[in-house]
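J.:
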Amino acid sequence: MKFQLRGYAANFHTTRGTALESAGVDYDARTGVKADDFLRTSNPRIYAAGDICLAAKFTHTADASARIAIQNALFLGRRRISALTIPWCTYTDPEIAHVGMYEKDAAEKGIPIQTFLQEFKDVDRAVLDGESEGFIKVHVRRGTDRILGATIVARHAGDMIGELALAMSGRLGLKTISATIHPYPTQAECIKKTGDAFNRARLTPLLKGMLGKWLQLGL
Numbered sequence: 349m350k351f352q353l354r355g356y357a358a359n360f361h362t363t364r365g366t367a368l369e370s371a372g373v374d375y376d377a378r379t380g381v382k383a384d385d386f387l388r389t390s391n392p393r394i395y396a397a398g399d400i401c402l403a404a405k406f407t408h409t410a411d412a413s414a415r416i417a418i419q420n421a422l423f424l425g426r427r428r429i430s431a432l433t434i435p436w437c438t439y440t441d442p443e444i445a446h447v448g449m450y451e452k453d454a455a456e457k458g459i460p461i462q463t464f465l466q467e468f469k470d471v472d473r474a475v476l477d478g479e480s481e482g483f484i485k486v487h488v489r490r491g492t493d494r495i496l497g498a499t500i501v502a503r504h505a506g507d508m509i510g511e512l513a514l515a516m517s518g519r520l521g522l523k524t525i526s527a528t529i530h531p532y533p534t535q536a537e538c539i540k541k542t543g544d545a546f547n548r549a550r551l552t553p554l555l556k557g558m559l560g561k562w563l564q565l566g567l
């Protein structure tokens, strides 16, 4: 079986003359080429990747989808684009970075969540750098430490969101993040502090009372 790999620009006006219709490839002038979860188009011999077929139009997403398309097309892979954990960042000042679900996404899917928010004003390095404005917000499935989504608003949010994306991809929860040593002083400590907040929330009033009495006895 032979394949021909081509690259087309995301701007859909550039698809004129590419003979998509004659190749049996369905597309929409607004949303682009129609591809399934394996990035296979309506012509099973043709795969698509990047801005031309994805709603998430980021360079890093295009790269990841191209790897999936090549693997599925040439090496009989069965990787799904929906399985990717895709972070993004808007380079404003401060930057806004996000990965995974928002509160509304969890509500629409009926998933109970618990949210933890940590401000950078409590992070020594951020204060020293004069960059204490901002926060990290992490959503976990209620009753677990599994991260469902996270938002960072900070001067270096784009440099930090990768740690949370890795945690989600590797199914590492906030307990693991809290137990991971982060170098001091760094702004990434804010992520660890979010994990610490999760651990504090696990202390029930009864356990807090018992711990307090134990400390009093120790004194």
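Each residue of the sequence shown is one higher than the one before, counting from 349 in this note's numbering. Note that the Cβ used here is the ideal one computed from N, Cα and C, for glycine as well. None of the values given here were measured: they were computed from a predicted structure.
#1: What's the C-alpha gap between VAL475 and GLY398?
#2: Could you pull the DSSP bridge partners for TYR395 from this structure?
#3: Could you give the residue range of the beta strand (DSSP E) that holds PHE546?
#4: Please list, in chain order, all residues of the same chain as CYS401 whose beta carbon is under 6 Å from its beta carbon, the five residues on each side excluded.
#5: Can you tell me whether ARG428 is helix, strand or coil according to DSSP?
#6: Please report the Cβ distance between GLY543 and ILE525, rounded to the nearest whole angstrom; I am assuming they are in contact, meaning their Cβ atoms lie under 8 Å.
#7: Would you say CYS538 and ILE484 are within 7 Å of each other, going by their C-beta atoms?
#8: By the DSSP assignment, the beta strand (DSSP E) with ALA404 in it spans what residues?
#9: Drop a sphere of 10 angstroms on the beta-carbon of THR440, count the other beta-carbons inside from all chains shown, and report buried for 16 or more, exposed for fewer.
#10: According to DSSP, simplified to helix, strand and coil, what is GLU451?
#11: What is the rounded straight-line gap between the Cα of LEU520 and the Cα of LEU368?
#12: Going by DSSP, what residue range makes up the alpha helix (DSSP H) through LYS510?
#13: Could you please give the first and the last residue of the uninterrupted alpha helix (DSSP H) stretch that includes LEU476?
#14: With distances taken Cα to Cα, identify the nearest neighbour of SER517 among ILE394, THR463, SER430.
#15: Whole angstroms are fine: how far does the CA of LYS405 sit from the CA of VAL501?
#16: Please determine, among GLU479, GLY425, ALA498, LEU432, the residue with the shortest C-alpha to C-alpha distance to ASP453.
#17: Let's see if you can read the secondary structure: which residues bound the beta strand (DSSP E) around THR438?
#18: When we look at the beta-carbon of LEU512 and count the other beta-carbons within 10 Å, is it buried (16 or more) or exposed?
#19: Taking the alpha carbon of SER370 as the reference point, which residue from PHE386, ALA377, ASN391 has its own alpha carbon closest?
T.: Quick answer:
#1: Looking up residue 475 in the sequence shown gives position 127. Looking up residue 398 in the sequence shown gives position 50. When rounded, the distance between both Cα atoms is 39 Å.
#2: Counted from its first residue, the sequence shown places residue 395 at position 47. Answer by DSSP bridge pairing, in chain order: ARG388.
#3: Here residue 546 refers to the residue found at position 198 when the sequence shown is read from its first residue. It is not in any beta strand (DSSP E) - PHE546 instead sits in the alpha helix (DSSP H) that spans 537-549.
#4: Residue mapping note: residue 401 aligns to position 53 of the sequence shown, counting from 1. Excluding positions up to five away in sequence, the list reads GLY380, VAL381, ALA383.
#5: On the sequence shown, position 80 is the one that residue 428 refers to. Here ARG428 sits in coil by DSSP.
#6: Looking up residue 543 in the sequence shown gives position 195. Looking up residue 525 in the sequence shown gives position 177. Right, the Cβ-Cβ distance comes to about 4 Å (below 8 Å), so this counts as a contact.
#7: Working through the sequence shown from its first residue, we reach residue 538 at position 190. Working through the sequence shown from its first residue, we reach residue 484 at position 136. Contact: yes.
#8: Indexing the sequence shown from 1 puts residue 404 at position 56. Looking at the DSSP string, ALA404 is not in any beta strand (DSSP E), and its letter there is neither H nor E.
#9: To locate residue 440, count along the sequence shown from 1; it is residue 92. Per the 10 Å Cβ criterion, exposed.
#10: Taking the first residue of the sequence shown as position 1, residue 451 is located at position 103. In this structure, GLU451 counts as helix in the three-state DSSP scheme.
#11: Translated into positions along the sequence shown, residue 520 becomes position 172. Translated into positions along the sequence shown, residue 368 becomes position 20. Each residue's Cα considered, the two are about 43 Å apart.
#12: Residue 510 sits at position 162 when you count from the first residue of the sequence shown. One point to set straight first is that residue 510 is Gly, not Lys, in the sequence displayed. Note, GLY510: alpha helix (DSSP H), 505-517.
#13: On the sequence shown, residue 476 is found 128 positions in, with the first residue counted as 1. Counting along the chain, the alpha helix (DSSP H) containing LEU476 begins and ends at 472-476.
#14: Taking the first residue of the sequence shown as position 1, residue 517 is located at position 169. Measuring from the Cα of SER517, the nearest candidate turns out to be SER430.
#15: Looking up residue 501 in the sequence shown gives position 153. Looking up residue 405 in the sequence shown gives position 57. Near 21 Å, if we compare the C-alpha coordinates of LYS405 and VAL501.
#16: Translated into the one-based positions of the sequence shown, residue 453 becomes position 105. Of the candidates GLU479, GLY425, ALA498, LEU432, the one whose C-alpha sits nearest the C-alpha of ASP453 is ALA498.
#17: Start at 1 with the first residue of the sequence shown, and residue 438 comes out as number 90. Run containing THR438: 436-438, per the beta strand (DSSP E) assignment.
#18: Taking the sequence shown and counting its residues from 1, the one referred to as residue 512 is at position 164. Answer is buried; the Cβ neighbour count reaches 16.
#19: Residue 370 sits at position 22 when you count from the first residue of the sequence shown. It is ASN391.
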